[in-house]
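Every letter in the sequence shown is one number past the one before it in our numbering, and letter 104, counting from 1, is 121. For every residue, glycine included, the Cβ atom is placed at its ideal position computed from N, Cα and C. Contents: one structure, followed by commentary.
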Amino acid sequence: MRPHGNPQTLEKRRRLAVRLLKQGRPYRAVALEVGASLSSVVRWHQAYRKKGRAGLNPKPHMGRPPLLSNGQKKTLVRMLVKGPLEAGYSTDLWTLKRIGQIVRKNFRVNYCISNLWSLMDQLGWSCQKPQKRAKERREQAIRYWKQHVWPHIKKGQSAWSPLGLPG
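Given below as structure tokens:
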């Protein structure tokens with residue numbers, strides 16, 4: 018299983034392991050210290066002996082390149098932070114469909130909904146459901162009830178006993 022961390026962090030870990038091995042530490046001790054398996058430390062050491070520092074460089078990622086560049090992703094985040102109202106929508110709620118429209122309009126890139134979900138996760142955004150509140154909700158009446166009525170009900174509960182007899 019691939020360890021957590023970005024390629025630069027993992028490269029630092031490999032370089033630290035080789036440095037510790039050069040100091041004469043045993044493979045097992047190095048593996049424990051850097052949080053890697055024994056076989057990984059041996060493999061890193063062999064790569065270092067064979068190719069030098071270049072043997073410890075991160076491997077290039079295989080697969081399709083991302084549809085949006087890092088700069089475009091930063092621009093997208095700035096647009097999302099401004100809010101949907103600023104983008105011309107009637108409600109202050111981002112949906113994946115709306116985000117997809119923004120991406121299509123501004124970057125000419127088409128994402129399916131599931132890939133948009135992954136993109137939002139990469140950018141540190143998460144699904145947040147808005148609270149459902151009744152349209153008839155009266156905030157002032159609720160505040161009054163919480164401040165004046167609820168404390169009396171709450172106090173009355175401690176004085177209650179079975180059969181209504183005093184404690």
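May I have the straight-line CA-CA distance separating G184 from R160, to the nearest angstrom?
Translated into positions along the sequence shown, residue 184 becomes position 167. Translated into positions along the sequence shown, residue 160 becomes position 143. The predicted model places G184 with a pLDDT of 49, which falls under 50 and marks its position as unreliable; any figure quoted below should be read in that light. Cα-Cα distance, rounded: 33 Å.
Pull up the CB-CB distance for I116 and L133, whole angstroms please, since I reckon it's below 8 Å.
On the sequence shown, position 99 is the one that residue 116 refers to. On the sequence shown, position 116 is the one that residue 133 refers to. The Cβ separation is near 6 Å, so the contact holds.
What residues in its chain sit with their C-beta under 7 Å from that of R121, if we drop five residues either side in the sequence?
Sequence index remark: in the sequence shown, residue 121 carries index 104 (1-based). Contacts found: N127.
Straight-line Cα distance separating Q25 from L136
Within the sequence shown, numbered from 1, the residue matching residue 136 stands at position 119. Within the sequence shown, numbered from 1, the residue matching residue 25 stands at position 8. So the two alpha carbons sit approximately 21 Å from each other.
I believe A53 touches A34 by the beta-carbon criterion, under 8 Å. Please report the beta-carbon distance rounded to the nearest angstrom.
As a working note, residue 53 is residue 36 in the sequence shown. As a working note, residue 34 is residue 17 in the sequence shown. With 8 Å as the limit, A53 and A34 qualify as a contact, their Cβ atoms being about 7 Å apart.
Minimum C-alpha distance to H62 - residue among K91, L84, E28, S131
The count along the sequence shown starts at 1 and reaches residue 62 at position 45. Cα-wise, what sits closest to H62 is E28.
Just curious, the alpha helix (DSSP H) that Q157 is in, first and last residue?
One-based indexing of the sequence shown puts residue 157 at position 140. Run containing Q157: 156-161, per the alpha helix (DSSP H) assignment.
Considering just the uninterrupted stretch of the alpha helix (DSSP H) at A34, what are its terminal residues?
By one-based count along the sequence shown, residue 34 stands at place 17. Start and end: 24-39.
On the three-state DSSP scale, how would you describe K171?
Along the sequence shown, read from residue 1 onward, the residue named residue 171 stands at position 154. In this structure, K171 counts as helix in the three-state DSSP scheme.
Taking the C-alpha atoms as reference points, what is the distance between K90 and W111?
The residue you call residue 90 lines up with position 73 of the sequence shown. The residue you call residue 111 lines up with position 94 of the sequence shown. Cα to Cα, K90 sits roughly 16 Å from W111.
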